[in-house]
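Below: the structure, in structure tokens.
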Amino acid sequence: MSQGRTGLVILALAILVLLYFSAGYLLAFIVDVLKNSPIIPGVESYEKETYIGYLKSIPQIIGVALSILWGILADKIGRRKTMSLMIMFMFTGLAIIPFAVNYAMLLASFIIFGIGYTGIAPIVYAFIADVLAPEKRGVGYAVYYASSVLGFIGAYVFYLAVKPWQTTYGVLGVMVLLTGLLLLAVSRGVRIGGAEKTSVIEFKLSEAVSSFRKPSVIAVLVMIVFWTIPWGMLTTFAIDYIMVKWGVSKNIASLILIVSVVSIAIGHIVGGILSDKAARKKGPAGRVFISILGIGIGLPVMLSMIMYPYPCGNVEWSIVIQPLLLAAFGMMFTTIAYPNITVVLSDVVRAEHRGTVFSVYNILNTLGWAIGPLLYPALAYIYMPPDIRASDLPRLITLYDPESMRYINSCMSEMAPVRNAYMYSAATIVLLWIISLLIWITIKITYEKDRIYNQLSISFRGQHVEHT
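Using the working numbering, the first residue of the sequence shown is number 14, and each one after it goes up by one.
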């Protein structure tokens with residue numbers, strides 16, 4: 014495949030990823046709307062938060078249960094055919110949301126979307142490795158992750174531009190369908206293992222399972238759960254956390270998160286570029302070093318942002334800018350490690366088995382993203398003193414004023430225990446990145462030995478089988 018056509022395929026994929034992640038992230042911008050909507054059951058704030066969390070977690074859990082099937086199909090019949098099925102799931106679910114009149118219908122629509130949204134991930138991971146050579150995958154996966162993160166900004170843009178929120182989902186569904194068809198058209202001819210310019214053996218599940226015995230694969234699969242739990246919490250409740258803890262309006266909270274999202278996208282790209290360069294100079298150890306460095310810097314900075322002693326209700330930019338910068342730099346440095354997670358798997362797993370391995374990776378990845386939104390309100394409830402739990406304060410703290418777009422009671426002095434409970438919950442969840450950091454140190458030991466493909470030599474075995 015020519016370099017120009019490769020670039021076109023990656024561009025079309027990036028746009029598709031941007032759109033379906035915009036649909037996935039839109040929930041974060043309508044939490045306050047849903048809390049005050051009769052379509053969401055519950056009376057207390059944390060009860061409504063739990064039902065809202067179900068809209069993210071239940072579809073992901075169901076999608077995860079099916080994703081192993083899609084990964085195996087991607088290895089057997091090809092990535093493009095399986096990807097087209099996931100695109101149709103996403104389109105159908107998003108197209109139904111505008112017609113939901115109760116919570117059951119809304120949840121069902123999210124589940125249909127979630128099957129495709131969750132299921133497409135392992136296919137995309139394997140597809141990128143089919144398109145890009147090993148020495149370019151750091152940047153390739155960085156483009157994917159950057160697009161997925163910029164989907165957060167996309168969600169905000171669509172939230173502002175298309176009203177009401179049900180219609181926003183419908184519009185995104187149509188755009189996902191059209192962009193998906195474009196990607197399928199420009200990627201004709203992409204085959205399993207094509208980027209390595211090597212033959213592949215016919216897929217056998219028993220041989221694919223043997224990949225899970227590699228220490229590097231085991232380490233990545235364990236790490237990804239602890240890595241994604243904080244991301245699941247942050248993407249769903251970051252805006253709401255800032256509104257509750259800092260007492261600022263939704264517009265200010267959204268702006269802070271958007272700046273952070275841009276910094277995350279930058280972190281992905283910088284991480285991909287630096288890691289590819291480090292790998293070319295120092296081998297696998299260079300890629301791992303960049304990951305450890307990013308998390309080592311980003312984690313304490315991010316924790317400082319969460320526990321920042323913000324003067325509640327103050328909206329002066331001289332005050333807002335300090336924690337905003339902490340959020341931006343904390344997320345940017347942490348995400349430098351992200352592209353390397355999938356690069357490691359693509360390097361240590363044979364091309365014809367990647368769909369299967371990435372599907373298990375995606376199960377654990379999605380498990381973390383699903384746990385985060387459920388763990389946050391649960392831990393906050395645990396951190397609240399018993400007398401506070403029994404009072405009306407947890408409900409009153411999220412009394413929302415549509416005109417000022419603020420939780421009008423959040424800065425009351427008696428609300429301090431509730432605010433602190435949410436702070437301790439968020440901080441506890443972010444500290445899980447310490448486990449990811451420790452596992453990266455173990456990968457430094459196993460990665461070189463486990464690699465199959467690298468930029469200098471390609472070994473292959475078995476019978477030549479073409480997959481289109």
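Glycine is no exception: its CB is placed at the ideal position from the N, C-alpha and C atoms.
Here the structure is a predicted model, which is why all the values come from computation and not from measurement.
Asked, Found
"Report yes or no: do three or more beta-carbon pairs, one from the stretch 79 to 94 and one from the stretch 170 to 185, lie closer than 8 Å?", "no"
"Take residue 470 and list the residues in its own chain whose beta-carbon comes closer than 6 Å to its own, dropping the five residues that flank it on each side.", "The predicted position of residue 470 is uncertain, since its pLDDT is 36 and thus under 50; a value taken from the coordinates is nonetheless stated next. Excluding sequence neighbours, residue 470 sits near nothing in its chain."
"Please determine, among 446, 27, 430, the residue with the shortest C-alpha to C-alpha distance to residue 313.", "446"
"Would you call residue 22 buried or exposed, if buried means 16 or more other Cβ atoms sit within 10 Å of its Cβ?", "buried"
"Quick check on residue 427: buried or exposed, where buried means 16 or more other Cβ atoms within 10 Å of its Cβ?", "exposed"
"Under the three-state reduction of DSSP, which class applies to residue 323: helix, strand or coil?", "coil"
"Contact defined as beta carbons within less than 8 Å: I believe residue 464 pairs with residue 370. What is the distance between those atoms, to the nearest angstrom?", "Rounded, the Cβ-Cβ distance is 14 Å, inconsistent with contact."
"Does residue 414 come out as helix, strand or coil in the three-state DSSP assignment?", "strand"
"Rounding to the nearest angstrom, what Cα-Cα distance links residue 290 and residue 227 in this structure?", "25 Å"
"Quick one: give me the first and last residue of the alpha helix (DSSP H) that residue 461 is part of.", "446 to 463"
"If you follow the alpha helix (DSSP H) that residue 276 is part of, which residue opens it and which one closes it?", "263 to 295"
"Measure from the alpha carbon of residue 215 to the alpha carbon of each residue in 127, 364, 25, then state which is nearest.", "364"
"In this structure, what does DSSP give as the bridge partners for residue 419?", "414"
"Over what stretch of residues does the alpha helix (DSSP H) that includes residue 352 continue unbroken?", "351 to 361"
"Once DSSP output is grouped into helix, strand and coil, what is the label at residue 201?", "coil"
"By the three-class DSSP mapping on this structure, what secondary structure does residue 258 have?", "helix"
"Rounding to the nearest angstrom, what Cα-Cα distance links residue 24 and residue 30 in this structure?", "10 Å"
"Count the other CB atoms within 10 Å of the CB of residue 327; is the residue buried (16 or more) or exposed (fewer)?", "exposed"
"Roughly how many angstroms lie between the CA atoms of residue 356 and residue 151, to the nearest whole one?", "6 Å"
"Taking all protein chains shown into account, do 16 or more other C-beta atoms lie within 10 angstroms of the C-beta of residue 472, making it buried, or fewer, making it exposed?", "A caution first: residue 472 carries a pLDDT of 39, below 50, which makes its placement in the model unreliable, though a value can still be read off. That one is exposed."
"Indicate whether residue 353 and residue 276 have their beta-carbon atoms separated by less than 8 Å.", "no"
"In or out: residue 395 buried (at least 16 other Cβ within 10 Å) or exposed?", "exposed"
"Within the same chain, show all residues whose beta-carbon is closer than 8 Å to that of residue 286, passing over the 5 residues directly before and after it, in chain order.", "151, 152, 155"
"Excluding the 5 residues preceding and the 5 following residue 299 in the sequence, name in chain order all residues of the same chain whose CB lies nearer than 7 Å to its CB.", "291, 292"
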